[in-house]
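Take a look at the structure below.
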Amino acid sequence: MKLEQNLNGWKDLTTRLLWGETGAPVVITRGVSEDRLPQAGTMTLTLDNSDGELTPERSASSYYPYVTRFREIRFSEFLNGVWQLRFWGYVDSESLAWGNSVGTDCRVNVTAIDAISMLGRRPLRSVAVETTVERSPIAYYPLTDPESASAADQSGTGQPALKVKQWGTGGEVAWQSGVILPTDSGGGIVFTPASDNGVYLASDVGIDLPTFWCASFIASPAAKDGYLFQIGTDSYSLGVWYDTSAKTMSAIETKLDSSGDPIDYVLSTSGTWSGPKFDTLTVTPTTVKLGSSGTTGTRHSSTTMLDSIVAVGGAFAVESGRARMYSGEIKHLGLWVSLAVTAGLDVDQMTGPAEMFTLSDAIGKLATWSGMPAIGAVTQGSDRDVDLLRTEGSTAADLIGQYMQGTLSRISGARDGQIRVTSFDYLPAAVVAPSGVIDPSVQWDRDLEGDVSEASTTWPDGSTYSAKSSADGQAREIPGVVPDSGGRSVVDWTVNTSAAPPRVPYAPFDLMTITAANAHQLALLDFGDLLQVPGLPVQLPSTTQSGIVDGSVETIGADVWSISLPTSYDPRDRMLIVGDATRGKVSAGYLAAPLGPVVDDTNSTWHAGNEITHTHLNSTAWNGPQIQAGASSITPVANTVTSLAVTFPTAFSAAPIVVLTIGAGSDGDEIQEVSVASVSTTGFTIWIYRTTTTVTSVQWLAVN
Numbered sequence: 189m190k191l192e193q194n195l196n197g198w199k200d201l202t203t204r205l206l207w208g209e210t211g212a213p214v215v216i217t218r219g220v221s222e223d224r225l226p227q228a229g230t231m232t233l234t235l236d237n238s239d240g241e242l243t244p245e246r247s248a249s250s251y252y253p254y255v256t257r258f259r260e261i262r263f264s265e266f267l268n269g270v271w272q273l274r275f276w277g278y279v280d281s282e283s284l285a286w287g288n289s290v291g292t293d294c295r296v297n298v299t300a301i302d303a304i305s306m307l308g309r310r311p312l313r314s315v316a317v318e319t320t321v322e323r324s325p326i327a328y329y330p331l332t333d334p335e336s337a338s339a340a341d342q343s344g345t346g347q348p349a350l351k352v353k354q355w356g357t358g359g360e361v362a363w364q365s366g367v368i369l370p371t372d373s374g375g376g377i378v379f380t381p382a383s384d385n386g387v388y389l390a391s392d393v394g395i396d397l398p399t400f401w402c403a404s405f406i407a408s409p410a411a412k413d414g415y416l417f418q419i420g421t422d423s424y425s426l427g428v429w430y431d432t433s434a435k436t437m438s439a440i441e442t443k444l445d446s447s448g449d450p451i452d453y454v455l456s457t458s459g460t461w462s463g464p465k466f467d468t469l470t471v472t473p474t475t476v477k478l479g480s481s482g483t484t485g486t487r488h489s490s491t492t493m494l495d496s497i498v499a500v501g502g503a504f505a506v507e508s509g510r511a512r513m514y515s516g517e518i519k520h521l522g523l524w525v526s527l528a529v530t531a532g533l534d535v536d537q538m539t540g541p542a543e544m545f546t547l548s549d550a551i552g553k554l555a556t557w558s559g560m561p562a563i564g565a566v567t568q569g570s571d572r573d574v575d576l577l578r579t580e581g582s583t584a585a586d587l588i589g590q591y592m593q594g595t596l597s598r599i600s601g602a603r604d605g606q607i608r609v610t611s612f613d614y615l616p617a618a619v620v621a622p623s624g625v626i627d628p629s630v631q632w633d634r635d636l637e638g639d640v641s642e643a644s645t646t647w648p649d650g651s652t653y654s655a656k657s658s659a660d661g662q663a664r665e666i667p668g669v670v671p672d673s674g675g676r677s678v679v680d681w682t683v684n685t686s687a688a689p690p691r692v693p694y695a696p697f698d699l700m701t702i703t704a705a706n707a708h709q710l711a712l713l714d715f716g717d718l719l720q721v722p723g724l725p726v727q728l729p730s731t732t733q734s735g736i737v738d739g740s741v742e743t744i745g746a747d748v749w750s751i752s753l754p755t756s757y758d759p760r761d762r763m764l765i766v767g768d769a770t771r772g773k774v775s776a777g778y779l780a781a782p783l784g785p786v787v788d789d790t791n792s793t794w795h796a797g798n799e800i801t802h803t804h805l806n807s808t809a810w811n812g813p814q815i816q817a818g819a820s821s822i823t824p825v826a827n828t829v830t831s832l833a834v835t836f837p838t839a840f841s842a843a844p845i846v847v848l849t850i851g852a853g854s855d856g857d858e859i860q861e862v863s864v865a866s867v868s869t870t871g872f873t874i875w876i877y878r879t880t881t882t883v884t885s886v887q888w889l890a891v892n
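For the record, in the sequence shown the residue sitting at position 466 is 654 according to my numbering, with numbers rising by one throughout.
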């Protein structure tokens with residue numbers, strides 16, 4: 189075996205291990221907890237420190253100054269002819285103790301924690317904030333703060349807060365009152381001026397901007413002209429201004445004329461605006477451009493904007509006659525070194541990063557946001573699709589627990605320092621333990637998790653379905669596979685026809701008294717693996733028990749090597765998973781049983797991939813209309829009838845009725861005609877006549 193710590197490089201400390209009479213054995217605990225949440229993995233051990241080399245903050249140590257909290261530590265064993273990691277984590281505590289009265293025998297008692305513990309140390313901010321800060325902005329104001337006297341900078345660069353200011357009299361500002369995005373826990377700031385007086389936000393000190401910079405923002409303007417924001421000084425500034433009559437944004441440069449009065453230059457103007465909408469303002473030494481405008485304006489001054497004040501909801505330097513105060517919502521104002529840094533930021537802020545919709549990628553993203561970018565997820569079985577979770581106020585470990593319960597996976601810290609995910613469809617070959625090696629005096633218990641007589645689910649239309657068995661037991665509702673989203677309910681439930689047999693909650697093995705091959709095989713078991721224990725007492729219903737490993741407690745000492753494996757009853761032959769495609773409808777072809785549930789006392793089964801119809805559920809077929817909807821983008825040829833073929837995701841039994849609508853933001857004057865033709869059970873054709881080549885979004889609804 190081998191013990192290493194990262195002390196400015198990996199150092200082998202195996203010879204310092206004390207695990208005889210002078211110390212304690214190495215104990216490694218990891219896996220999932222009894223309440224089906226990731227368990228914080230730990231490793232405890234004792235090291236010889238008589239030379240003081242492992243004393244924190246001791247400058248005479250050759251390892252100084254690297255004996256710090258949360259340095260990496262790993263423990264390996266030579267199993268099956270190769271080095272196998274048994275624990276990779278971080279030193280959490282290292283208390284000193286002495287074995288004699290003269291102080292020559294010093295040892296350090298080390299407790300190390302794994303990745304799950306590290307991911308539970310810092311609450312996260314919202315998805316929008318975390319994904320923005322990850323890109324390293326110059327300054328970043330989410331503007332989703334609770335009511336306060338100022339809006340905080342979240343960039344981590346120490347930029348000044350934006351404080352509440354008053355221009356004239358009247359007006360008000362409402363915190364967290366705008367549109368709540370899926371990536372946020374609250375809305376943005378909504379400004380309501382009184383005529384052109386009102387409340388706005390501004391920094392008291394300036395920010396030094398580089399020669400090339402960019403601003404990004406999300407805005408939902410109301411019916412009033414005014415500045416969303418302005419950045420600069422009284423003598424020179426750049427800002428974004430909303431024109432309510434044209435429903436456009438404009439990039440405006442303001443500088444002093446020869447008389448010392450502010451004069452405005454409109455340099456770039458957007459297309460029609462409908463919020464909430466994301467946009468960017470890009471500034472070079474000579475040009476200014478709104479990202480949505482397609483046009484670039486030439487600056488009237490190439491000055492580098494040092495010591496620039498940031499104002500939001502109003503402006504501090506305005507040409508006479510131009511409206512100053514903004515009405516509406518603005519949020520997620522970021523300042524950047526270049527436009528390139530903001531690529532994809534609109535999607536990340538508005539709907540969430542793509543990584544947050546697949547389980548393994550989501551775990552990696554949460555780890556990065558927690559300051560642990562080296563931690564990723566290793567998946568056994570299928571990688572699951574997940575819904576976007578709200579992250580604000582929760583730790584990554586909390587959220588991983590939600591993923592675990594919502595996907596029926598087992599998730600916890602892996603032996604290699606990563607996060608291990610075993611999906612519900614992970615079915616490795618069972619490891620068979622040596623027969624009769626478990627002490628019969630160990631506690632045997634009835635498995636209450638398996639003792640379920642009734643399970644029920646409620647569809648979105650309010651109807652319910654209950655599955656029952658004739659055996660005594662309890663009825664219960666079981667949580668969904670993924671959180672309810674968009675009116676779709678995805679529910680899983682288990683029905684057992686009788687009480688599960690008694691089993692041993694922990695399977696303890698003395699690895700020193702069995703063959704090396706068997707010992708290595710058992711030692712390499714991990715949570716989610718299958719363990720089969722033969723040779724059990726004849727008084728049990730079966731002399732062979734199978735279970736899913738939930739974790740391990742391994743003890744390694746001078747004269748001990750043992751492993752205790754917590755196991756769970758495997759319910760997967762009695763599990764029904766209602767797939768996302770159901771939309772809550774019980775009808776033919778919409779349900780699938782991945783591993784085949786036992787549904788009645790005759791033990792009839794369905795197998796993976798077989799169709800489960802309403803007749804199997806003692807229900808009736810769905811007699812309502814079949815509905816599908818979608819959106820398509822078409823690039824027309826100007827002044828020419830242009831077509832686009834659309835295929836239904838699922839074929840209809842008969843040709844449906846199809847209705848089209850034009851997406852928001854399209855200029856109705858340019859679109860002369862939109863129609864549908866060639867409707868069949870598998871698709872239809874969109875025809876459009878438009879005077880321009882602008883990409884056009886067309887929403888469709890098909891009803892049969």
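Where is the CB? At the ideal position from N, CA and C, for every residue including glycine.
Remember, it's a predicted structure, so these values are computed and weren't measured experimentally.
Boundaries of the alpha helix (DSSP H) in which residue i is found, first to last residue
| i | result |
| --- | --- |
| S548 | 547-557 |
| S305 | 303-306 |
| G723 | Looking at the DSSP string, G723 is not in any alpha helix (DSSP H), and its letter there is neither H nor E. |
| N706 | 704-711 |
| V535 | 533-538 |
Within 8 Å, strictly: CB atoms of residue i and residue j
| i | j | result |
| --- | --- | --- |
| R257 | L195 | no |
| V721 | I607 | no |
| L576 | L554 | no |
| E441 | V498 | no |
| K412 | P381 | yes |
| S582 | P311 | yes |
| L719 | L753 | yes |
| Q578 | L547 | Note on identity: in this sequence residue 578 is Arg, with Gln being the wrong assignment. No, they are not a contact pair. |
| P348 | D280 | no |
| M189 | I744 | yes |
| T873 | S831 | yes |
| V220 | G739 | yes |
| V619 | Q733 | no |
| L307 | S508 | no |
Enclosing beta strand (DSSP E) for residue i [first to last residue]
| i | result |
| --- | --- |
| L521 | 516-524 |
| S752 | 749-756 |
| E260 | 260-267 |
| L350 | 350-355 |
| T320 | No beta strand (DSSP E) holds T320; the alpha helix (DSSP H) holding it covers 315-321. |
| I162 | The chain is shown only over 189 to 892; residue 162 falls outside these bounds and no answer can be derived. |
| P450 | 450-457 |
| F275 | 270-286 |
| E245 | Element bounds for E245: n/a, residue is neither H nor E. |
| E360 | 360-362 |
| I497 | 497-500 |
One or two residues paired with residue i in a DSSP bridge
| i | result |
| --- | --- |
| T873 | A833, A865 |
| L469 | A403, L478 |
| D236 | R295 |
| N385 | A382 |
| W429 | Y415, S438 |
| M231 | I216, A300 |
| W888 | G818, L848 |
| E192 | D200, R262 |
| D698 | S750 |
| T486 | T475 |
| M513 | Y415 |
Check whether the segment 463-470 touches the segment 323-342, counting contact only when three or more Cβ pairs, one atom from each stretch, lie closer than 8 Å.
-> No: the two stretches stay apart, fewer than three of their Cβ pairs being nearer than 8 Å.
Is the segment 835-842 touching the segment 879-889 in the sense that three or more CB pairs, one from each, lie closer than 8 Å?
-> Below 8 Å, too few C-beta pairs join the segment 879-889 and the segment 835-842 to call them touching: fewer than three.
Is it a yes or a no for the segment 536-546 touching the segment 353-372, going by three-plus beta-carbon pairs under 8 Å?
-> Three or more beta-carbon pairs drawn from the segment 536-546 and the segment 353-372 are found closer than 8 Å, and the two stretches are therefore classed as touching.
Given 8 Å as the limit, is there contact between the segment 422-440 and the segment 386-398, that is, 3 or more CB pairs closer than that?
-> By the Cβ criterion, the segment 422-440 is not in contact with the segment 386-398, since fewer than three pairs of Cβ atoms, one from each stretch, lie closer than 8 Å.
Between the segment 265-275 and the segment 516-535, do three or more beta carbon pairs fall short of 8 Å?
-> Using a C-beta cut-off of 8 Å, the segment 265-275 makes no contact with the segment 516-535, since fewer than three inter-stretch Cβ pairs fall below that distance.
Would you call the segment 491-505 and the segment 563-576 in contact, with 3 or more CB pairs under 8 Å?
-> No, the segment 491-505 is not in contact with the segment 563-576.
Return the chain-ordered ranges of every alpha helix (DSSP H) run that is complete within the segment 544-621 and spans a minimum of 4 residues.
-> 547-557, 584-595, all fully within the segment 544-621.
State whether the segment 233-241 contacts the segment 287-300, with contact taken as three or more CB pairs (one from each stretch) at a distance under 8 Å.
-> In short, these stretches touch, since the Cβ pair count reaches three.
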